[in-house]
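Here the structure is laid out as structure tokens; the discussion comes afterwards.
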Amino acid sequence: MSNRVALNHFDEKNLKEKIRDCLEWVNWKDRIYPDSRIYLKPNLTFPEFRPGVTTSPHFLAAVLSVLKERTPHITVFEADGGNNSYPAEKAFETHNLYEICGSMNVRLINLTREERTYVEIPTPHGKKVIPLSKEIVEQADMTISIPVPKMHFVVRYTGAIKNYWGTVPDSMRLRNHHFFNYAITEIMKIQKSGITIVDGEYFLDNNGPVSGNAVKLNMVMAADTPLSADIALMSLMDVDPHRIGYIRTAWEKNMGPKSIDDIEFNSSLEKFKTHSFSYHRDPVDYLALLGFKSKLVTWLVYLSPLRNMVHKLVRLLRGRSRQVDTYYTGIDKEHHPC
């Protein structure tokens, strides 16, 4: 199969048409059939809709409308917010997903409440075990990532592939960050990742994934694989894919194109390069980066008996993290992890 990516600009009147055009480019009807069981993973990494942070409700509604033309067997899913921060049901409500999915007879589920299966992840330091949805592992014909493209204060860039981390139903999945680069590709394979549909109405610049600057680009993208989507998006955002650990792992496992030159586009990528993206970490963000790479630091900051004290000390440090301040402003105190 050739690597194919389609991009279109859209407005409020032609969104479904542009989504459909992009899907035609990646030969969706050769991969999704009337009896296909399709599971959609939007990005709901914040408990309320925020442009450039979460998938736009009207974009998801348009995607569902187009996919329903092909199969009625569609499920939208998400898991609880990481670090026990908020239940997925809150994000469902604030993104109007109960009404959207209900009106289209689409299932909407919180994976944290569903039955789990446990899978082994091979890493250079031995096998690790993580939970996944038993239903998706056993029943899905394809999972579709619907990411929002962002600069990310820890991993530098997040899009189609990293969105699959939210398929791990454990709300303390961050305890597994130290082997994330190896886990994410296995998660994608086990859950039959396939076509990717990118919500590019807004991108997030500078200091994502929940802080940063929303950039309105009104773009939709469809790709044959998550890696194809990410390679194209990183080119648009001027991110070097060689600096992204999970991209290097995906290359090692032959999960898609090695470079932008390996992708066949429906039009010139250059006309979509209308914004110059930048990347920034606040001083305190380097602690999160260290935790992402170290099992010990992750335990100390998030799981140890000292975690509340550590959080308070971190927030007193000079140069507070915009990620922390932004993230917990929108979260109920009863779900605050500190």
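With the working numbering, the residue at position 70 of the sequence shown is 1552, and numbering never jumps.
Virtual Cβ for every residue (Gly too), placed ideally from N, Cα, C.
Remember, it's a predicted structure, so these values are computed and weren't measured experimentally.
Residue nearest to residue i in terms of C-alpha spacing, selected from the options
i: Ile1514; options: Glu1752, Leu1795, Asp1706, Asn1485; result: Asp1706
i: Asn1592; options: Ile1618, Arg1486, Ser1758, Asp1623; result: Ile1618
i: Arg1502; options: Met1586, Ser1717, Val1680, Asp1720; result: Val1680
i: Ala1642; options: Arg1589, Thr1625, Asn1587, Lys1794; result: Thr1625
i: Asn1645; options: Arg1552, Glu1560, Ala1770, Phe1541; result: Glu1560
i: Gly1690; options: Asn1587, Leu1497, Arg1532, Ser1484; result: Arg1532
i: Val1558; options: Val1588, Ala1544, Glu1494, His1762; result: Val1588
i: Thr1576; options: His1540, Leu1785, Lys1498; result: His1540
i: Lys1775; options: Ser1760, Leu1656, Leu1614, Pro1787; result: Leu1656
i: Ser1484; options: Val1766, Asp1743, Leu1771; result: Asp1743
i: Leu1542; options: Ser1518, Asp1767, Lys1498; result: Lys1498
i: Asp1856; options: Asn1578, Thr1553, Thr1599; result: Absent from the structure is residue 1856, since the part of the chain shown begins at 1483 and ends at 1820.
i: Pro1651; options: Leu1788, Val1721, Tyr1600, His1724; result: Tyr1600
i: Asp1687; options: Pro1723, Tyr1761, Ile1669, Ala1665; result: Tyr1761
i: Pro1604; options: Ser1518, Pro1613, Ala1665; result: Ala1665
Residue i burial status per 10 Å Cβ neighbour count (16 or more: buried)
i: Gln1621; result: exposed
i: Met1701; result: buried
i: Gly1608; result: exposed
i: Lys1572; result: buried
i: Val1637; result: buried
i: Val1548; result: buried
i: Arg1580; result: Arg is not the amino acid found at residue 1580; the sequence shown has Tyr there. So Tyr1580 ends up on the exposed side.
i: Pro1516; result: exposed
i: Val1611; result: exposed
i: Asn1790; result: exposed
i: Thr1667; result: buried
i: Ser1675; result: buried
i: Arg1725; result: exposed
i: Pro1424; result: Outside the shown range of the chain, which is 1483 to 1820, sits residue 1424, and nothing can be said about it.
i: Asp1767; result: buried
Separation of residue j from residue i, as counted between CA atoms
i: Thr1537; j: Val1630; result: 6 Å
i: Tyr1521; j: Thr1594; result: 15 Å
i: Pro1739; j: Leu1751; result: 16 Å
i: Trp1745; j: Ala1696; result: Looking at the sequence itself, residue 1745 is Ile, so the reference to Trp does not match. Their Cα atoms are separated by approximately 27 Å.
i: Gly1801; j: His1757; result: With a pLDDT of only 47 at Gly1801, under 50, the local geometry of the prediction cannot be trusted, and no value is derived from it.
i: Met1716; j: Leu1778; result: 31 Å
i: Asn1496; j: Tyr1639; result: 29 Å
i: Leu1795; j: His1660; result: 23 Å
i: Ser1786; j: Asn1658; result: 15 Å
i: Asp1814; j: Leu1782; result: Residue placement at Asp1814 is poorly supported in this model, since its pLDDT is 44, which falls under 50; the coordinates are not used for a value here.
i: Thr1780; j: Glu1494; result: 43 Å
i: Asn1525; j: Phe1574; result: 11 Å
i: Leu1788; j: Gln1673; result: 36 Å
i: Pro1765; j: Gly1584; result: 44 Å
i: Ile1669; j: Trp1647; result: 8 Å
i: Leu1590; j: Ile1582; result: 10 Å
i: Val1792; j: Leu1772; result: 14 Å
Inter-residue CB distance, residue i and residue j (contact presumed, cutoff 8 Å)
i: Phe1685; j: Gly1534; result: 6 Å
i: Lys1523; j: Thr1649; result: 6 Å
i: Ala1711; j: Thr1678; result: 4 Å
i: Ser1467; j: Leu1489; result: The question about residue 1467 has no answer here: the residues shown for the chain are numbered 1483 through 1820.
i: Ala1704; j: Leu1505; result: 5 Å
i: Met1633; j: Gly1682; result: In fact, because the Cβ distance is near 14 Å, the residues do not count as touching under 8 Å.
i: Val1545; j: Ile1628; result: 6 Å
i: Pro1487; j: Phe1747; result: Contrary to the premise, residue 1487 reads as Val rather than Pro in this sequence. Confirmed, Cβ separation roughly 6 Å.
i: Glu1602; j: Ser1615; result: Their Cβ separation, rounded to whole angstroms, is 16 Å, which puts Glu1602 and Ser1615 out of contact at 8 Å.
Neighbourhood of residue i by C-beta distance below 7 Å, restricted to the same chain and skipping five residues each side
i: Asn1663; result: Gly1727, Tyr1728, Thr1731
i: Lys1500; result: Asn1490, Phe1492, Val1702
i: Glu1755; result: The amino acid at residue 1755 is misidentified as Glu; the sequence shows Lys. Cβ neighbours of Lys1755 beyond the five flanking positions: Leu1718.
i: Lys1550; result: Ile1556, Met1586
i: Leu1709; result: Ile1643, Ala1732, Met1737, Gly1738, Pro1739
i: Arg1519; result: His1555, Gln1621, Ala1622, Asp1623
i: Val1721; result: Arg1638, Tyr1639
Sequence-distant residues of its chain with Cβ nearer than 6 Å to residue i (five each side left out)
i: Asp1562; result: Pro1569, Ala1570, Thr1594, Ser1653
i: Lys1671; result: none
i: Lys1735; result: Thr1667
i: Ala1770; result: Val1636
i: Pro1613; result: Arg1598, Tyr1600, Pro1651, Asp1652
i: Asn1578; result: Pro1539
i: Arg1763; result: Phe1635
Any C-beta of chain D under 7 Å from that of residue i
i: Glu1620; result: Protein chains in the displayed structure number just one, and chain D is not present.
Same chain, Cβ closer than 8 Å to residue i, five either side skipped, listed in chain order
i: Lys1698; result: Pro1533, Glu1683, Tyr1684
i: Pro1606; result: Tyr1664
i: Lys1753; result: none
The ligand PLP heavy atom lying under 6 Å from the CB of residue i
i: Pro1524; result: Looking at this structure, you won't find the ligand PLP or any other ligand, since it has none at all.
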